[in-house]
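Following full-length UniProt numbering, the numbering of the sequence shown begins with 1 at its first residue and continues without gaps. Right, one structure below, let's go through it.
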Amino acid sequence: MGQILEKFQGKEWRERQLRKITDKVFYRFQNETGKANLKFEDLYIAILLIYNDINKHLPGPHFDPPSKDEIRALMQECDMNLDGELDHEEFVKFVKRVTKDTFITVSQGLIITLAVAPTVALLTKRTTEGVPGIGKVVQKIPTAAYASLVTLTVVMFQKARE
């Protein structure tokens with residue numbers, strides 16, 4: 001439950017997750033190439049790795065990475081010292097800009113799943129009162145347990161759909 005509540009903290013949670021991903025990818029390239037900065041070719045591969053991690057670890061639909069042209073344009077915007085390479089801080093800024101819409105979509109999906117699903121569960125519990133057989137069973141289940149069960153079912157359907 002604590003992990004779910006942590007995700008509602010919003011910007012701080014998003015920043016920590018993004019920083020973990022960017023640090024992991026940046027230092028991986030730094031160790032492989034021995035260079036402190038990323039050139040365009042390394043940057044494009046890094047973005048593919050980041051989107052792979054996003055699609056594996058964050059809930060929601062599959063997100064396609066930006067095209068090479070989009071990456072090239074954003075790289076020029078984020079390259080503050082104009083050396084044609086991105087250092088660590090430029091890389092973090094670059095990834096924030098590239099993944100901004102992705103994290104907004106993930107956050108909205110979490111809010112819908114964890115806020116709307118329990119509300120729908122409570123409404124459906126009331127509507128089952130008149131259904132013979134099922135209504136009595138549903139009414140005996142505690143409201144909190146029923147809402148959790150319906151929310152878990154919604155999350156399972158979302159995962160199966162992916």
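Idealized CB from N, CA, C, for every residue including glycine. For clarity, every value in this text was computed on a predicted model and none was experimentally measured.
Item: Simplified DSSP assignment, three categories, for L48; Value: helix
Item: Cα-Cα separation, C78 to D87; Value: 10 angstroms
Item: Other residues of its chain near F91: CB distance less than 7 angstroms, five sequence neighbours each side excluded; Value: T22, F26, L38
Item: Buried/exposed call for D64, threshold 16 Cβ in 10 Å; Value: exposed
Item: Contact belief for Y44 with K68 at Cβ below 8 angstroms, rounded distance in angstroms; Value: 6 angstroms
Item: Contact check, P66 vs V95, beta carbons under 7 angstroms; Value: no
Item: Distance, P118 Cα to residue 180 Cα; Value: Because the chain spans 1 through 162 in this model, residue 180 falls outside it and cannot be assessed.
Item: Residue closest to A144, alpha-carbon to alpha-carbon, out of A73, L123, I134, T102; Value: L123
Item: Where L82 falls: helix, strand or coil (DSSP); Value: coil
Item: C-alpha distance - T127 paired with S148, whole-angstrom precision; Value: 17 angstroms
Item: Cα-Cα separation, Q139 to G130; Value: 10 angstroms
Item: Residue from V154, H62, I54, E85 whose Cα sits closest to the Cα of A121; Value: V154
Item: Beta-carbon spacing of I47, I71 below 7 angstroms; Value: yes
Item: Run of the alpha helix (DSSP H) containing I134, from where it starts to where it stops; Value: 134-140
Item: Residues that L38 bridges to, as DSSP identifies them; Value: L86
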